[in-house]
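Residue numbers (the working numbering): 15 to 199.
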């Protein structure tokens with residue numbers, strides 16, 4: 015398991031990806047398509063994930079497959095929302111209009127629980143990616159393996175390098191380093 019050093023490396027990779035605009039340079043629709051692509055990759059990895067959930071989390075095979083289906087639903091839901099996140103115009107009076115623009119914020123930190131790491135982790139990742147933000151996610155020390163398969167699915171789907179960073183570690187070391195990190199936005 016990792017600690018502060020691994021968190022530093024992951025945050026640096028996420029920051030570099032954000033500063034180089036690897037996600038922001040994609041249209042919202044393209045970021046949404048990435049979520050659909052990740053969901054598709056999870057389909058090909060479903061047997062592996064179900065088996066991992068048996069050994070890693072004590073779930074039944076059926077529950078492992080259900081985790082994959084739930085995860086795919088989250089990814090497709092947020093993928094479908096990607097091109098609908100817009101600013102708005104606010105009329106303030108005669109000949110005056112104010113407006114808002116939604117823009118990416120930066121590097122996000124995610125810490126997910128042991129009892130549903132795959133769907134909760136994917137939901138957290140999807141929310142960040144469709145809005146153009148990068149992610150450093152600390153997996154639960156008790157059941158991290160399905161999230162590493164999710165990382166593989168992200169890579170296969172074409173998610174830009176450095177956009178998703180998953181670190182396994184204990185809360186007092188990795189978790190504390192992540193929440194206190196100066197480069198997390």
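All C-beta atoms in this analysis are idealised placements derived from N, C-alpha and C, irrespective of residue type, glycine included.
Ranked by Cα distance from residue 47, the first of 93, 150, 105 and 125 is 93.
Taking a 10 Å sphere around the C-beta of residue 196, we find fewer than 16 other C-beta atoms and assign the residue as exposed. From the listed residues 198, 187 and 186, the smallest Cα separation to residue 179 is found for 198.
Taken through DSSP and simplified to helix, strand or coil, residue 145 comes out as coil.
Distance from residue 147 to residue 118 at the Cβ level is roughly 5 Å; contact confirmed, criterion being Cβ atoms closer than 8 Å. Assignment of residue 15 by DSSP, reduced to helix, strand and coil, places it in the coil class. For residue 86, the enclosing alpha helix (DSSP H) starts and ends at 75–95.
Residue state for residue 136 is assigned as helix, using DSSP reduced to three classes.
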